[in-house]
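Notes follow the structure.
Number of protein chains: 2
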Amino acid sequence: MQITWNQQLVKKENKAIVLNLIMQNSPISRADAAQMSGLNKGTVSSLVSELLEEQLIYESGPGESSGGRRPVLLLFNQKAGYSIGIDLGVNYIFGVLTDLQGEIVVEKSVVNNHPEYSNTLEQVNKVINALIKAAPPSPYGVVGIGIGAPGVVNKEGVILLAPNLGWKNVSLKKDIESTFNIPVIVENEANAGAYGEKRYGVGKEFDNLIYVSVGIGIGSGIILNGELYKGINGYSGEVGHMSIDVNGPRCRCGNFGCWELYASEKALLNKAKEIGLDLKENHTLSDIIDLARNENPAALALLKEIGKKLGQGMINIIHTFNPQQIIIGNKLAAVQTWIAPYVQEVIDEYTLPYHQMDIQVNFSDLSLPASALGVAAFTTENFLKSQLQVQ
Amino acid sequence: MQITWNQQLVKKENKAIVLNLIMQNSPISRADAAQMSGLNKGTVSSLVSELLEEQLIYESGPGESSGGRRPVLLLFNQKAGYSIGIDLGVNYIFGVLTDLQGEIVVEKSVVNNHPEYSNTLEQVNKVINALIKAAPPSPYGVVGIGIGAPGVVNKEGVILLAPNLGWKNVSLKKDIESTFNIPVIVENEANAGAYGEKRYGVGKEFDNLIYVSVGIGIGSGIILNGELYKGINGYSGEVGHMSIDVNGPRCRCGNFGCWELYASEKALLNKAKEIGLDLKENHTLSDIIDLARNENPAALALLKEIGKKLGQGMINIIHTFNPQQIIIGNKLAAVQTWIAPYVQEVIDEYTLPYHQMDIQVNFSDLSLPASALGVAAFTTENFLKSQLQVQ
DNA sequence: TTTGTTTGTCTATTGAATAAACAAAGTTTA
DNA sequence: TAAACTTTGTTTATTCAATAGACAAACAAA
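Same order as they appear, the protein sequences are chains A and B.
By UniProt numbering, the letter at position 299 of the first sequence is numbered 299, and the numbering carries on one by one without gaps.
By UniProt numbering, the letter at position 150 of the second sequence is numbered 150, and the numbering carries on one by one without gaps.
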């Protein structure tokens with residue numbers, strides 16, 4: 001049943017609108033906030049009073065006069081609290097402590113070569129502890145912990161299956177909440193990455209974007225009309241197992257010709273081995289990058305092929321979603337230089353004409369930990385939403 | 001800028017909630033409506049008074065007492081007005097006149113073997129005229145006209161490209177609005193069909209469903225969280241040009257191995273010709289159905305193959321969206337008997353385990369004109385929304 | 001017949017918004 | 001330099017859509 005409206009809910013929603021205005025437009029005056037929101041200036045004045053009392057915003061020295069009295073400027077108090085975001089990789093754990101506006105205050109990374117659950121949980125707890133200790137004093141403290149995990153995560157935050165970690169049915173959320181007594185969100189890493197790019201990365205300007213996470217496998221996060229779309233059970237975005245070659249090789253999932261057999265980090269490494277690239281045992285993506293930097297012809301040809309295959313699958317996504325933007329993130333963003341031209345070439349040549357209009361293809365900024373920032377942002381938003389609840 | 005809340009908007013939204021409750025739960029008492037909505041019974045009483053005044057609902061004979069006073073029952077006045085829905089086919093025009101609850105009052109179909117724009121416009125106008133004349137007298141009259149068209153339709157209702165009609169850049173919406181002075185909505189036929197199934201068809205119980213329209217080509221309508229998702233320009237759902245065989249034959253769109261080369265009506269007819277089915281010149285889907293009914297082995301084998309190919313593409317959709325339901329509609333719903341087992345077989349065998357949970361595959365009910373009903377529903381909803389605006 | 005229950009109407013109250021008056025603090029003009 | 005005007009922010013009276021609860025009507029149960 002759709003929730004009905006009453007005065008309490010009206011006030012809460014309008015207060016959230018004013019707070020969001022101040023967050024996005026710092027510094028801003030009450031008069032401007034009233035003008036931009038459409039709310040009466042008396043209403044804005046009283047809502048702002050409450051936000052000041054709650055220390056979510058603060059006033060700063062006067063602004064410039066535009067002919068009359070100088071305005072008092074309001075700014076979002078991003079240091080009112082902190083969020084933790086954890087990117088749970090196959091062999092690493094990366095964590096950030098961010099303020100309420102997503103600015104990274106501290107980051108910590110540890111290698112984790114033994115991804116068994118109990119060992120990983122211990123490492124994660126250590127990282128979280130270190131970040132909590134590093135948080136400056138603030139009115140609200142650490143308001144939430146977000147975890148981006150590779151694999152199938154349901155809407156209750158249970159990791160049902162993480163093949164690359166060897167996990168099944170783990171309640172990481174419950175385990176961390178009981179340890180720290182702080183709200184925890186567990187989310188699929190591609191979903192988290194999509195949200196991180198939407199909030200802080202190359203996806204900032206767009207409300208309809210698909211983030212393609214190209215790591216060992218391929219996953220995707222789907223932002224539609226500004227919101228993360230997760231499907232009925234939270235399992236949307238498994239585009240790595242979208243078949244682009246139904247007569248092709250069998251995938252580990254049982255289907256044939258899945259996209260991630262052609263265009264993932266694993267595909268790249270397998271192909272490198274197959275064509276006998278001059279590489280050592282247990283070579284990595286970095287080794288191929290080194291070869292490419294040195295203009296090794298076979299390495300360049302291999303990356304060209306990967307770029308084309310990546311582009312082919314992206315065309316399917318563009319035809320299905322008609323998005324504003326597609327972002328390529330995770331490991332293969334590192335080879336942007338060598339694959340981007342071929343990705344674009346394939347898209348230019350084979351995408352339906354109307355679907356090519358207004359579509360932007362971007363690679364993730366390598367310095368932006370999108371997944372960690374994405375889950376931290378989820379926890380910050382949940383905190384602010386509950387904070388505005390009328391007491 | 002997000003719209004702010006005030007008393008006027010609060011009342012409008014709550015009134016819409018009450019009206020929707022009455023629509024979905026006819027007949028219902030004020031007391032039940034208050035209980036179900038959470039609104040105060042005095043509030044419901046006053047909102048109901050207005051709806052009665054506006055003739056959108058009516059009272060009926062008393063209901064059963066549950067121990068005290070008998071309730072007065074309220075029903076939605078579906079005959080308060082009428083909507084027209086037009087399904088614009090490649091060689092036919094099919095129209096329905098529905099009441100405000102989508103019940104078909106009159107339907108009219110004409111053959112149209114000359115799909116040039118001016119001729120088609122004339123035929124469409126004739127159908128609309130006939131339906132308007134057939135509409136019973138009512139308080140609001142014909143409140144809107146919806147047109148479902150095959151091809152690329154933008155958000156302003158301009159048909160940018162309809163390859164199977166040979167049209168480019170036609171403002172059918174403006175032309176009909178100027179003729180009839182009634183609000184007109186033009187929508188892609190797959191989008192319309194998805195909404196028709198969601199409202200009145202096999203999709204009624206689901207909020208996340210994908211309607212795959214398998215006609216000459218393949219298109220899809222995407223319902224996410226109860227709403228039609230159209231993409232940034234209105235072009236989402238072009239799954240017919242999702243490549244499932246990148247090394248396959250070239251499609252008319254320029255790409256390779258598109259789904260609709262394997263699993264559409266056109267693919268079926270082409271393949272029938274190719275394998276030398278015992279058919280006359282200009283054979284149709286009906287001819288193949290006749291052969292299948294007579295258990296012609298080649299026809300049955302062909303349909304089996306088509307079923308498998310249909311299933312293969314559907315797996316990609318299931319992995320991408322994690323929907324509750326996929327509906328197969330339009331022309332190939334007619335061969336459900338002969339393809340459904342193979343569709344299901346492929347999906348059972350090759351879909352990721354978690355994505356198979358909670359997914360339901362259905363064929364459209366052939367007697368339900370989903371596309372026409374879908375666009376009629378759009379116009380009805382727009383009318384009711386504007387009607388509830390505070391005057 | 002009296003008492004209790006349910007439904008629906010009516011009235012007083014609440015409070016979050018708006019409209020507008022007022023105050024404060026600036027700039028501009030005569 | 002003082003008066004007039006402008007802009008920003010605060011305060012107050014008003015509006016009205018909701019709620020709470022009293023009351024009325026019409027039933028069922030004891």
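We treat Cβ as the ideally placed atom computed from N, Cα and C, and that holds for glycine.
For Glu-238(A), a Cβ of chain B is located within less than 8 Å of the residue's own Cβ. A Cβ of chain A is located within less than 8 Å of the beta carbon of Pro-323(B). Burial is judged here by how many other beta carbons sit within 10 angstroms of a residue's own beta carbon; Asn-225(B) has fewer than 16 and is exposed. Burial of Gln-78(A) is indicated by the presence of at least 16 other C-beta atoms within 10 angstroms of its C-beta.
With a beta-carbon spacing of about 7 Å, Thr-320(B) and Gly-237(A) fall inside the 8 Å limit used to define contacts. In the three-state reduction of the DSSP assignment, Gly-254(B) falls in the coil class.
Pairing Tyr-211(B) with Glu-197(B) gives a Cβ-Cβ distance under 8 Å. Taking the C-beta atoms as reference points, Asn-330(A) is found nearer than 8 Å to Val-214(A). Nearest Cα to Lys-173(A) within the set Val-186(A), Asn-40(A), Asn-294(A): Val-186(A). In the three-state DSSP reduction, Gln-2(B) falls in the coil class, being neither helix nor strand.
Linking Lys-280(B) to Ala-299(B) through their CA atoms gives a straight-line distance of about 14 Å. Exclusion of the five residues before and after Thr-43(A) leaves Asn-14, Ala-34 as the residues of its chain whose Cβ lies within less than 8 Å of its Cβ.
Put simply, of Val-184(A), Pro-369(A), Gly-166(A), Ser-65(A) the residue whose alpha carbon is nearest the alpha carbon of Asn-119(A) is Gly-166(A). Beta-bridge pairing by DSSP links Ile-57(B) to Phe-76(B). Under the rule that a run must span 4 or more residues, the alpha helix (DSSP H) segments found entirely inside the region 178 to 261 of chain B read 189 to 200. In the displayed model, Thr-284(A) falls within coil according to three-state DSSP, outside both helix and strand.
In the DSSP assignment, Thr-351(B) falls outside any beta strand (DSSP E) and carries neither an H nor an E. Straight across, the Cα-Cα distance linking Ser-45(A) with Leu-368(B) is about 55 Å. Of all residues in the region 357 to 383 of chain A, only Met-357, Asp-358, Ile-359 place a beta-carbon less than 9 Å from a beta-carbon of chain B.
For Gly-151(B), there are no C-beta contacts with chain A under 8 Å, since the nearest C-beta of that chain is about 10 Å from it.
With contacts defined by Cβ atoms closer than 8 Å, Ile-339(A) and Gly-307(A) form a contacting pair. Partner residues in the beta bridge of Thr-98(B), as assigned by DSSP, are Ser-83(B), Ile-104(B).
Using beta-carbon distances, Trp-167(B) does not count as an interface residue toward chain A, since no partner is under 8 Å.
Between the region 18 to 29 of chain B and the region 74 to 92 of chain B, the count of Cβ pairs shorter than 8 Å is three or higher; the stretches touch.
Take Pro-150(A), set aside five residues on each side of it, and the residues of its chain with a beta-carbon closer than 6 Å to its own are Ala-162, Asn-164, Glu-189, in chain order.
For Asn-255(B), the nearest CB of chain A lies under 8 Å from its own CB, placing it at the interface with that chain.
Check the Cα spacing between Lys-155(A) and each of Gly-146(A), Pro-136(A), Gly-231(A), Ser-83(A): the tightest is with Gly-231(A).
The contact set of Tyr-200(A) on chain B, defined by CB atoms closer than 9 Å, is empty, because the minimum CB distance reaches about 21 Å.
Of all residues in the region 109 to 130 of chain A, none places a beta-carbon less than 8 Å from a beta-carbon of chain B. A direct Cα-Cα distance of roughly 8 Å separates Gln-123(B) from Ile-93(B).
If the five residues before and after Gly-201(A) are omitted, its C-beta is found closer than 7 Å to the C-beta atoms of Ser-364, Asp-365, Leu-368, Ala-370, all from its own chain and listed in chain order.
By alpha-carbon distance to Leu-268(B), the top candidate from Ser-37(B), Ile-218(B), Thr-380(B) is Ile-218(B). Contact with chain B is found for Met-242(A), since one of that chain's Cβ atoms lies less than 8 Å from the residue's Cβ. Using beta-carbon distances, His-283(A) does not count as an interface residue toward chain B, since no partner is under 8 Å.
Residues of the region 337 to 350 of chain A with a C-beta atom less than 8 Å from some C-beta of chain B are Glu-349, Tyr-350, listed in chain order. A buried status is given to Gly-89(B), since no fewer than 16 other beta-carbon atoms sit within 10 Å of its beta-carbon.
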